[in-house]
Amino acid sequence: MSSISNEPRLIRPYGGQLVDLIATGDAADELRARAREIPSIQISERTACDLEMLAIGAFSPLDRFMNAGDHARVLDEMRLADGTLFPMPLILPVEPSDAIRQGRDVALRSAKNELLGIMTIDEVFAWDADEVSDKVFGTRDPRHPLVSEMRRWGPLAISGPLKVLQLPAHYDFRDLRLTPAEVRAQLDAIGRQNVVAFQTRNPLHRVHEELTRRAAEAIDGVLLLHPSVGMTKPGDVDHYTRVRTYAALAERHYEPGRILLSLLPLAMRMGGPREALWHAIIRRNYGANHFIVGRDHASPGNDSNGRPFYGPYDAQELVSRHSAEVGVTVVPFSELVYLPDEQRYEEVSRIPEGTRTAKISGTQVREEFLNLGRKLPAWFSRPEVADILAETYPPRHRQGACIWFTGLSGAGKSTTAEVLTVLLLERGRQVTVLDGDVVRTHLSKGLGFSKEDRETNVRRIGFVAGEIVRHGGVVICAAISPYLATRDEVREMIGADHFVEVFVDTPLDICEARDSKGLYAKARRGEISDFTGIDDPYEPPVTPEITLDTVTSTPEENAKRIVAHLVAQGFVRSDEGWVTEIGAPTAARSV
Ligand code: ADP
Ligand code: ADP
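Per the working numbering, the sequence shown starts with residue 622, numbered consecutively.
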């Protein structure tokens, strides 16, 4: 039986053998010494992922960031200059500087300044983000995350032999971060020749489990559960949460010897079909000869017109077309549905018309289960997975929220905020108040009222507010915050769906008549300058969540309107029965 043990069982790496760029021993010591004498450049998080993938051979046979020849041909034909099929460009973009010269060595450092490696620059070339957008992603729409990101990359690219001294440091899930060689060794130990890889950037539910198990059984092989944890689509579930779900599933719900879980430090491009083909090549390097490609593989979502960037099966088609050349067979992700009457999953194509099926969409998972604190049903998610997700996504009434008051001095921001604070404390929420006047005595001490200083003040408040919201607190901010763009920036910083902008719309003459702090009189007399509303602008919000009138409504009435809005949003529980007392809360929203 074991007489064939010298035969390599697994498919060979793409291009024959695995690239290994990691310097060891004396060579590494010499390079480390050399690094002290040469210029350094800091590389982005994305480039650090690419460097790691290159170093461990995940992109074999590619052994460096692309030169102009490779890059041009990859854009036009999905091939390296030597003809090897490779669909995704991989450049190291830089800003022009003295260090960037042909023939020079440069030390590559991470954002945290760790020395990662040394490149001998043998080519410097200009690249064009629009050209890459057109040819690789088929769009210039900035809704495509990579198209918009590439605009911020440096205009030059450098290429040349690369020696890696240290992989970017990872302190999480170290046992699961296997290199291609390590994955191959473990697959060899399992001893099956057929391996089907599954790429994912989402938590896995029962349907994925069913599908991957069936795929492994169908090829009589092993499932390589291979989630991307480098960079995925902005807004995805964080990888800490995801990996915990994968680990729970791999350990408890697959047959031992049928699954290997390993994390892939890939920075995804959301490049649809081209990315799917790239994924297949990468997985071959890890020993997989089959790859699952479903609907919308590596999809960037919808464009500015709400239309998908790529057709749902474009990726499957492109990978299938090149399957022979890549040596990886596509396992189509057939759509499975749950049959509640039979308590099992079945392929859509195999169920008779009219059969009762059950489905929960991704949006429903968030809105109808997690946000409401309802547990996902066991037919949809394994209880372990449901629990992990529930921990990461507490119900709305335990999520953070920012109530951002804006309006003229004396409009009534602080007064209303004070009442609101008490009402929220009464309803069991933790509240922090960041009042403009108070903040200016510590957080923003020393800042004045120039446009720049006001923006800094508002951004600082926004930064602190963002931290509070992220940790599940309610923060009430009450600063004039006169500039629309800066308020919008803060909304983005905090997260638009946790941000409630409250416009305290008190006319200037009323604020001035109140003059509770005596400042308007001083401003009129010219004793203070740049006073908002007098000799400095106030830009009212265009679509605030709530607009308050302080002339006809009392601070208490206004505060209650805000509470009603928060109840409607789920940030505060409505167990008081007081909402009806003050009328329809939704009328508060002015759109
Ligand atoms: P801001 O924080 O916007 O600068 P303040 O809340 O400090 O404004 O001052 C508003 C002043 O207006 C206070 O003296 C408050 O008593 C008075 N005021 C009168 N009516 C109202 C109202 N309906 N809402 C809020 N404040 C009011
Ligand atoms: P901003 O959002 O413009 O930074 P803050 O709410 O942080 O405004 O601070 C404004 C407070 O500072 C006002 O309520 C007022 O009490 C005081 N103040 C002093 N000088 C000025 C000024 N020139 N313009 C506006 N507010 C001023």
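Cβ coordinates follow ideal geometry from the N, Cα and C atoms, glycine included.
Our contact map puts residue i next to residue j with C-beta atoms below 8 Å; I'd like the distance itself, whole angstroms only.
{"i": "residue 1215", "j": "residue 676", "result": "This structure gives no information on residue 1215, because the portion of the chain shown stretches from 622 to 1212."}
{"i": "residue 931", "j": "residue 983", "result": "With 8 Å as the limit, residue 931 and residue 983 do not qualify as a contact, their Cβ atoms being about 18 Å apart."}
{"i": "residue 1028", "j": "residue 1101", "result": "7 Å"}
{"i": "residue 1123", "j": "residue 1167", "result": "5 Å"}
{"i": "residue 871", "j": "residue 882", "result": "4 Å"}
{"i": "residue 1097", "j": "residue 1062", "result": "Wrong, their Cβ atoms sit about 17 Å apart, outside the cutoff."}
{"i": "residue 694", "j": "residue 700", "result": "5 Å"}
{"i": "residue 887", "j": "residue 851", "result": "5 Å"}
{"i": "residue 659", "j": "residue 726", "result": "5 Å"}
Identify the residues that DSSP records as bridge partners of residue i: which are they?
{"i": "residue 1098", "result": "1025 and 1055"}
{"i": "residue 700", "result": "706"}
{"i": "residue 969", "result": "None; residue 969 has no bridge partner."}
{"i": "residue 778", "result": "714 and 746"}
{"i": "residue 923", "result": "929"}
{"i": "residue 834", "result": "According to DSSP, residue 834 bridges with nothing at all."}
{"i": "residue 1124", "result": "1027 and 1168"}
{"i": "residue 681", "result": "Residue 681 pairs with nothing; no bridge assigned."}
{"i": "residue 848", "result": "821"}
{"i": "residue 740", "result": "727 and 783"}
{"i": "residue 662", "result": "729"}
{"i": "residue 885", "result": "849"}
{"i": "residue 843", "result": "816"}
{"i": "residue 1155", "result": "Residue 1155 is not bridged to any residue."}
{"i": "residue 880", "result": "844"}
What residue range is occupied by the uninterrupted beta strand (DSSP E) comprising residue i?
{"i": "residue 911", "result": "911-914"}
{"i": "residue 756", "result": "Element bounds for residue 756: n/a, residue is neither H nor E."}
{"i": "residue 672", "result": "It is not in any beta strand (DSSP E) - residue 672 instead sits in the alpha helix (DSSP H) that spans 666-676."}
{"i": "residue 1181", "result": "Careful: residue 1181 lies outside any beta strand (DSSP E), inside the alpha helix (DSSP H) at 1176-1190."}
{"i": "residue 950", "result": "950-953"}
{"i": "residue 991", "result": "That residue, residue 991, is in no beta strand (DSSP E); it is neither H nor E in DSSP."}
{"i": "residue 640", "result": "Element bounds for residue 640: n/a, residue is neither H nor E."}
{"i": "residue 959", "result": "957-960"}
Quick check on the DSSP output: the alpha helix (DSSP H) that includes residue i runs from which residue to which?
{"i": "residue 1084", "result": "1072-1091"}
{"i": "residue 860", "result": "860-873"}
{"i": "residue 1109", "result": "1105-1115"}
{"i": "residue 1130", "result": "1129-1135"}
{"i": "residue 1006", "result": "1004-1013"}
{"i": "residue 942", "result": "935-942"}
{"i": "residue 902", "result": "893-906"}
{"i": "residue 974", "result": "No alpha helix (DSSP H) holds residue 974; DSSP gives it neither H nor E."}
{"i": "residue 814", "result": "Segment: none, residue 814 is in no alpha helix (DSSP H) and carries neither H nor E."}
{"i": "residue 790", "result": "No alpha helix (DSSP H) holds residue 790; DSSP gives it neither H nor E."}
{"i": "residue 1042", "result": "1034-1047"}
{"i": "residue 767", "result": "766-771"}
{"i": "residue 1141", "result": "1140-1145"}
Mind checking whether the beta-carbon of residue i lies closer than 6 Å to any heavy atom of ligand 4?
{"i": "residue 836", "result": "Judged by which ligands are present, ligand 4 is missing from the structure shown, whose ligands are ligand 1 and ligand 2."}
Note to self: Counting beta carbon pairs with one atom in the region 1140-1149 and one in the region 1169-1176, are three or more of them shorter than 8 Å?
What the structure shows: no
### Message
With a threshold of 8 Å, are at least 3 pairs of Cβ atoms found where one atom belongs to the region 936-956 and the other to the region 913-925?
### Response
yes
Touch test, the region 1139-1146 against the region 1075-1090, Cβ-Cβ under 8 Å, three pairs minimum: no
Exercise for review: Evaluate contact between the region 757-771 and the region 800-819, counting only Cβ atoms and requiring at least three cross-stretch pairs below 8 Å.
Suggested key: no
How do the region 739-759 and the region 777-793 stand: do at least 3 beta-carbon pairs fall below 8 Å, yes or no? yes
Quiz item: Three or more beta-carbon pairs under 8 Å between the region 820-828 and the region 787-800, yes or no?
Solution: no
Any 3 or more C-beta pairs closer than 8 Å across the region 1106-1120 and the region 1068-1083 = yes
Check whether the region 967-984 and the region 918-934 are in contact - that is, three or more C-beta pairs closer than 8 Å.
no
Item to check | Contact between the region 651-671 and the region 710-721 (3+ Cβ pairs under 8 Å) | outcome: With the cut-off at 8 Å, the region 651-671 and the region 710-721 touch.
Would you say the region 679-698 touches the region 626-646, given that touching needs at least three Cβ pairs under 8 Å?
yes
For this session: Say whether the region 890-907 touches the region 698-709, bearing in mind that this needs 3 or more beta-carbon pairs closer than 8 Å, one atom from each stretch.
Result: yes
Just checking, does the region 1019-1038 make contact with the region 1050-1061 on the three C-beta pairs under 8 Å criterion?
yes
Is the region 1063-1072 in contact with the region 987-996, if contact means three or more CB pairs nearer than 8 Å? Output reads no: the region 987-996 does not touch the region 1063-1072.
Are there three or more Cβ pairs, one per stretch, closer than 8 Å when the region 1001-1008 is compared with the region 851-864? no
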